[in-house]
Each structure stands twice: as C-alpha cells, then as structure tokens.
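Here's the structure, in structure tokens; my notes come after.
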Amino acid sequence: MPDRNRTKKNTLRLDLIGRSSEIYKSADILVFNTGHWWNHEKTSKGLVLDYIMCFYISHLTLDINACFWCGNYREDYYQEGDHVYEELNVVEAFRRALTTWCKWVDDNVNPSKTMVFFRGYSAIHFSGGQWNSGGVCDSEMEPIRNETLLRPYMPMMAVLESVLEGMKTHVTYLNITRLTDFRKDGHPSIYRRYHKHGITEKERTESVKYQDCSHWCLPGVPDTWNELLYSELLVKQYKMRQHQHKF
Numbered sequence: 001m002p003d004r005n006r007t008k009k010n011t012l013r014l015d016l017i018g019r020s021s022e023i024y025k026s027a028d029i030l031v032f033n034t035g036h037w038w039n040h041e042k043t044s045k046g047l048v049l050d051y052i053m054c055f056y057i058s059h060l061t062l063d064i065n066a067c068f069w070c071g072n073y074r075e076d077y078y079q080e081g082d083h084v085y086e087e088l089n090v091v092e093a094f095r096r097a098l099t100t101w102c103k104w105v106d107d108n109v110n111p112s113k114t115m116v117f118f119r120g121y122s123a124i125h126f127s128g129g130q131w132n133s134g135g136v137c138d139s140e141m142e143p144i145r146n147e148t149l150l151r152p153y154m155p156m157m158a159v160l161e162s163v164l165e166g167m168k169t170h171v172t173y174l175n176i177t178r179l180t181d182f183r184k185d186g187h188p189s190i191y192r193r194y195h196k197h198g199i200t201e202k203e204r205t206e207s208v209k210y211q212d213c214s215h216w217c218l219p220g221v222p223d224t225w226n227e228l229l230y231s232e233l234l235v236k237q238y239k240m241r242q243h244q245h246k247f
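Numbering of the sequence shown is given in full-length UniProt numbering, commencing with residue 1 and proceeding in unit increments.
So, in structure tokens, the structure goes:
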C-alpha cells in the first residue's frame, strides 16, 4: 500500500484472509488462536513493529510461520479495502479481524466434516514493566492460589466470545485465560536459552534485562491445553459414534 510519499509500506488487512487458507477447507480438525500481539502498547496507538504482521497472519490465516524482527515502527497500519486508518483502537481492530475470520469459517468450513476449535488468550505475568521496559517474573516460584489476586478478565476475550456467539458454525472454545492466570511461575523468565552447565552470573545479569513472562516452559502449562483439546476430541468422537449407532 503506497503511503503519503507514494512509497510502499506494509499494512495489516483486517478484511482479508490469506491465500493459504484454501488448503484448509477440507481439513478434519482446525485449531485457531490469536491474541498476544493485539494488546501491544504500540499496536493500541496504531504504531506497530513489522514482525507483528507475521504473528497476526500466522494465526489468522492458519500458516505456521516464525515471526521476524525488523525493528521499524509503522504508522497507519490497519487497512480495510482501500482505506488505511491513521489510528484505530486495538480492540476494535481485533473485533474486525475476528469478524473476517468468522465469516470465512461460516462460508468455507463444512461442520459435518470439520471440527473447529479456538484457543483463547493465555495470561502474561510481567511485573514492574513490559517485555521491553524491565518487566520481570524470575522471582515467581509458586502459582497464584488466591483467586482475588487474579487479573480482571481481558476485553479481548469478551470480543472473541461475542464473535463466537454470532457464528453459524459451531466452534469449540478452549478458554484457557483464567487457567493460565494462576500460573505466574510457569514462564521461562531469564531462562530463555538452554545452558548446558547452568547460567553464569554474567548471563543472568544480561537475561534479567529482557525476561520472557508471556511464553511458557515445556513441559508445563501448554501440556494442559493439549490435554483439554484431546479430551474434547474424545468426547466428540464418542458422540459421533453414538449418533451413527442410531441409524
């Protein structure tokens, strides 16, 4: 999309689904997910890092691609049709993108053949800042046990649930938001890389600057997500067999 100076720039199309989605129309099982980068502080102001596009597209079009770092901030990032928004609230952009996704599912997925899942947003636990401003979690050794200490339910998930309720196609919603909020101890924090002989004091000092309090250790919390998905598959398989026996 040309900018004001007639030079090309990247935009995130809220009204389109990627071409590769064509190959998924005949899938037996589809699992969707999106969330984390939609609440980035730069995104909410309409200023976005280039690599966020890859993350969004990888989740909204089903591609499995790695995110890449370009380090350039962009203005006027969201686009619908020929219109590029100078600034658009991230929650509204999220809603519009999900509406495009739900229309694609309703128009292209055969619910009698394909099971559709949507995994919700997993909690983050940065304290004292965000991932790029000194946020930490390396001192967290135990999960939260007092429910009153959990964070308020995120508006992103309310948007997602509203969109799912309006769909014609049945989508099984794997709501892991509250589940993961308890596990403030489950993030890699300063241990983002494998250290064969343990982490040195110098490495610890460097790692403390940029901690990972949004992704999860393996084995760990994501294993529970897999168990929930597997349980849902078993239940659906049982119901299908019961239905077949009636005829």
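Beta carbons are placed, not taken as given, at the ideal position from N, Cα and C, and that holds for glycine.
Check whether residue i and residue j have beta carbons under 8 Å apart
{"i": "threonine 11", "j": "valine 84", "result": "yes"}
{"i": "tyrosine 173", "j": "glycine 135", "result": "no"}
{"i": "valine 159", "j": "phenylalanine 94", "result": "yes"}
{"i": "leucine 150", "j": "phenylalanine 118", "result": "no"}
{"i": "aspartate 212", "j": "arginine 192", "result": "yes"}
{"i": "leucine 30", "j": "threonine 114", "result": "yes"}
{"i": "serine 122", "j": "threonine 180", "result": "yes"}
{"i": "threonine 169", "j": "valine 221", "result": "no"}
{"i": "methionine 167", "j": "cysteine 217", "result": "no"}
Which listed residue (the options) has its alpha carbon closest to that of residue i
{"i": "valine 116", "options": "Lys236, Gln242 and His243", "result": "Lys236"}
{"i": "isoleucine 124", "options": "Ser162, Gly35, Phe118 and Glu92", "result": "Gly35"}
{"i": "lysine 239", "options": "Ser112, Ala27, Glu147 and Glu92", "result": "Ser112"}
{"i": "asparagine 110", "options": "Glu165, Pro219, Lys25 and Pro152", "result": "Lys25"}
{"i": "leucine 14", "options": "Asp28, Phe32, Glu92 and Val31", "result": "Glu92"}
{"i": "residue 248", "options": "Phe182, Gln244, Ile176 and Gly128", "result": "The chain is shown from 1 up to 247; residue 248 falls before or after that span and cannot be answered."}
{"i": "methionine 157", "options": "Glu227, Ile176 and Leu233", "result": "Ile176"}
{"i": "lysine 209", "options": "Ser127, Thr148 and Asp107", "result": "Ser127"}
{"i": "tryptophan 37", "options": "Thr224, Glu80, Trp131 and Val105", "result": "Trp131"}
{"i": "threonine 148", "options": "Arg178, Glu161, Thr169 and Pro155", "result": "Arg178"}
{"i": "isoleucine 28", "options": "His215, Leu233, Leu218 and Gln242", "result": "The residue asked about is misnamed: residue 28 is aspartate in this sequence, not isoleucine. Residue Leu233 is the option with its Cα nearest to aspartate 28."}
{"i": "residue 249", "options": "Ile190, Phe32, Gln244 and Tyr77", "result": "With the chain represented from 1 up to 247, any question about residue 249 goes unanswered, as that position is not in the structure."}
Reduced DSSP secondary structure (H/G/I, E/B, other) of residue i
{"i": "glutamate 80", "result": "strand"}
{"i": "isoleucine 144", "result": "coil"}
{"i": "threonine 34", "result": "coil"}
{"i": "methionine 115", "result": "strand"}
{"i": "leucine 88", "result": "coil"}
{"i": "leucine 16", "result": "coil"}
{"i": "leucine 150", "result": "coil"}
{"i": "isoleucine 124", "result": "coil"}
{"i": "threonine 100", "result": "helix"}
{"i": "threonine 11", "result": "coil"}
{"i": "isoleucine 176", "result": "coil"}
{"i": "valine 109", "result": "coil"}
{"i": "phenylalanine 68", "result": "With a pLDDT of 32 at phenylalanine 68, under the threshold of 50, the modelled position of that residue is not reliable, and the figure given next carries that caveat. The answer is coil: DSSP assigns phenylalanine 68 none of H, G, I, E or B."}
Minimum Cβ-Cβ distance from residue i to chain C less than 8 Å
{"i": "serine 162", "result": "No chain C appears in this structure, which consists of one protein chain only."}
Review point. Between the stretch 180-192 and the stretch 127-140, do three or more beta carbon pairs fall short of 8 Å?
Key: Yes: at least three Cβ pairs fall under 8 Å.
Review point. What are the uninterrupted segments assigned as alpha helix (DSSP H) that are 4 or more residues long and contained completely in the stretch 184-238, given in chain order?
Key: Fully enclosed alpha helix (DSSP H) runs of 4 or longer: 201-209.
Review point. Is there contact here, the stretch 17-24 with the stretch 85-97, by at least three beta-carbon pairs under 8 Å?
Key: Counting C-beta pairs with one atom in each stretch, the stretch 17-24 and the stretch 85-97 have fewer than three that are closer than 8 Å, which means they do not touch.
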